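Residues in the sequence shown are numbered consecutively from 3, following the working numbering.
Reviewing the structure listed below.
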Amino acid sequence: MADYVIVILPLSEEDGGGFVGFVPDLQGCMSDGDTREEALENTQQAMAEWIEMKTAQGFDLPRPGVSVERAAQERKSMMAALKAMMAILDKADTRIIELERALEEAVDGVSSSWERNLPLFEAASATVFRGSKKLLAN
């Protein structure tokens with residue numbers, strides 16, 4: 003029982019003050035007290051009762067330090083997920099840049115086409131305008 007780490011933390015006044023003690027390796031095993039010493043004693047008692055109950059129910063007890071291993075594995079998994087997300091974001095960013103370039107080329111192509119064809123457009127407009135005048139005059 004002495005191999006399990008007990009963590010003692012102060013409680014805020016909003017939470018009633020005093021201290022809380024918990025055993026990270028024994029899920030749900032915790033207690034509190036007005037002082038650190040009382041919280042430690044109460045948590046040691048809760049730990050003994052937790053172990054007794056789980057043993058009576060036929061459960062295997064977790065190895066001391068298993069919570070540290072689990073936290074390390076969770077951090078490793080989170081880092082792998084973050085790296086995968088960053089790779090996806092990098093691909094999306096590259097694709098956005100490609101699309102922006104294609105759009106710029108398309109706009110430049112339309113602009114230069116418009117500028118090349120402007121004299122034709124002006125001539126066609128003038129012809130249509132003159133034709134309209136003739137129709138209105140008749």
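Backbone N, C-alpha and C fix where the C-beta goes; we use that ideal spot for every residue, glycine too.
All values derive from a computational prediction rather than experimental measurement.
Whole-angstrom distance between Lys-78 and Glu-71, CA atom to CA atom:
Sequence index remark: in the sequence shown, residue 71 carries index 69 (1-based). Sequence index remark: in the sequence shown, residue 78 carries index 76 (1-based). Glu-71 and Lys-78: Cα-Cα distance of roughly 10 Å.
Proximity to Tyr-6 [Cα-Cα], best of Asp-34, Met-49, Thr-37, Asp-92:
Walking along the sequence shown from the start, residue 6 turns up at place 4. Comparing Cα-Cα distances from Tyr-6 to each of Asp-34, Met-49, Thr-37, Asp-92, the minimum goes to Met-49.
Using the Cβ count rule (16 or more neighbours within 10 Å means buried), how would you classify Val-25?
As a position in the sequence shown, residue 25 is number 23, starting the count at 1. Buried, because 16 or more other Cβ atoms sit within 10 Å of the Cβ of Val-25.
Which word fits Ala-83, buried or exposed, when buried means at least 16 other C-beta atoms lie within 10 angstroms of its C-beta?
Looking up residue 83 in the sequence shown gives position 81. Exposed is the call here.
Ile-98, DSSP secondary structure in three states:
As a working mapping, residue 98 is identified with position 96 in the sequence shown. Helix, per DSSP.
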